[in-house]
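Residue numbers (my numbering): 3 to 167. Worksheet: one structure, shown below.
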């Protein structure tokens with residue numbers, strides 16, 4: 003069975019926007035299991051925020067699996083740092099940090115790059131899925147605290163962004 007990418011996107015969105023923790027569908031010998039971890043609460047700075055839940059996609063087929071891209075939008079966790087005008091961008095997951103979409107590509111951002119909400123600033127590979135990490139704030143990259151291809155931990159600070167005024 004050839005998987006329809008739009009159908010898969012709709013299933014991911016359905017899971018992401020619902021209170022469900024898991025969806026499992028079986029059609030014509032293909033089994034799709036979507037699940038997300040329960041949201042975790044943490045405290046940072048002066049307020050508490052909820053860590054984002056990223057849906058996980060698992061496909062089990064009788065036939066050899068096809069390379070189907072699974073778009074997974076990850077949100078970043080942003081906390082106010084000690085300085086009044088700097089924000090810390092923290093990793094939303096454990097994985098491998100990449101500065102660009104491919105080894106021969108330019109990095110998404112460098113020190114001094116202006117970013118705005120929705121700007122992709124890096125990729126974190128987790129369980130062989132490439133998760134694009136986007137900025138939630140508008141400002142300028144002041145410091146990159148992680149090297150390309152370095153392993154990162156959940157909640158590890160990746161960038162410092164000076165907020166635009």
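Ideal Cβ placement from N, Cα and C applies to all residues, glycine included. Everything numeric in this text was worked out from a predicted model, so none of it was measured.
Mapping DSSP to helix, strand and coil, what is residue i?
i: residue 110; result: coil
i: residue 8; result: helix
i: residue 145; result: strand
i: residue 15; result: helix
i: residue 155; result: coil
i: residue 117; result: strand
Should residue i be labelled buried (16 or more other beta-carbon atoms within 10 Å of its own) or exposed?
i: residue 179; result: Because the chain here runs from 3 to 167, residue 179 falls outside it and cannot be looked at.
i: residue 133; result: buried
i: residue 92; result: buried
i: residue 1; result: Past the edges of the chain, shown from 3 to 167, lies residue 1, and the structure says nothing about it.
i: residue 110; result: buried
i: residue 128; result: buried
i: residue 122; result: exposed
i: residue 27; result: exposed
The beta strand (DSSP E) spanning residue i covers which residue range?
i: residue 122; result: 122-128
i: residue 159; result: 159-165
i: residue 91; result: 88-92
i: residue 132; result: 131-136
i: residue 37; result: 32-37
i: residue 101; result: That residue, residue 101, is in no beta strand (DSSP E); it is neither H nor E in DSSP.
Cutting at 7 Å between CB atoms, please list the residues of its own chain near residue i, excluding the five before and the five after it.
i: residue 139; result: 80, 89, 119, 163 and 165
i: residue 9; result: none
Tell me which residues share the same chain as residue i and place their Cβ nearer than 6 Å to its Cβ, disregarding the 5 neighbours each side in the sequence.
i: residue 141; result: 163, 164, 165 and 166
i: residue 25; result: 17 and 36
i: residue 157; result: 92
Within its chain, find whatever has a CB closer than 8 Å to the CB of residue i; leave out the 5 residues flanking it on each side and keep chain order.
i: residue 151; result: 98, 99 and 100
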